[in-house]
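J.: So the sequence shown is numbered by this note's numbering: it starts at 22 and just counts up by one.
Positions of the beta carbon are idealized from the N, C-alpha and C atoms, including for glycine.
From a predicted model like this one, the values you see are computed outputs, not experimental measurements.
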Amino acid sequence: MKILKTIALLSVAGIIGTVAVNAENIQEKRGMVSEQREMMQHFKGKHQKMMKIMKQLDLTKEQKVALKANRKAMRSKMKAKRKEMRGNRNLSDFVTVQGVNRSAMIEKITKTATTMANIRADMIEKTLAILTPAQRTKFVELLKGDKL
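(1) Indicate the three-state DSSP secondary structure (helix, strand or coil) for V86 in the structure shown.
(2) Just checking: is the beta-carbon of I36 within a distance shorter than 8 Å of some beta-carbon in chain C?
(3) Just verifying my parser: in three-state terms, what is the DSSP assignment at T148?
(4) Helix, strand or coil for T153? Go by DSSP, reduced to three states.
(5) Cutting at 7 Å between CB atoms, please list the residues of its own chain near K147, excluding the five before and the five after it.
(6) Using the C-alpha atoms, what's the distance from I151 back to A87?
Put into structure tokens, the structure is as follows:
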């Protein structure tokens, strides 16, 4: 009988330990998900602010169609560029036994950031080209006031 109680007690302790470990893993995963959600909310917030600005510009149907096509083209361009950059993102290219090749790392990161900034600048230029002069003025004022 004593052995049976010991086995039962060890079984319960094992189950409790397993549940505690699994609960900890779930909490870690939830933390990661909440960080991702937070990051997405940041980007979603910027998108919502831009949409709010666009609504205030009294766009025509033609302008809305052109802007939508512009966004779609930019989105696919950015997606392709990100995919390309992910393939080229290899830390081992810069780290050796002797240390880190800072200049090469900085050059690569600067090139990537410049490329993405150029794509974004192209998007803004195309957006401005679609707007009328009065809408451009209002767009710039709203952007400055909203601090996107």
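T.: Based on what the coordinates show:
(1) When DSSP states are grouped into helix, strand and coil, V86 belongs to the helix group.
(2) Protein chains in the displayed structure number just one, and chain C is not present.
(3) Reduced to three states, the DSSP call for T148 is helix.
(4) In the three-state scheme derived from DSSP, where H, G and I count as helix and E and B as strand, T153 is classed as coil.
(5) N91
(6) 7 Å
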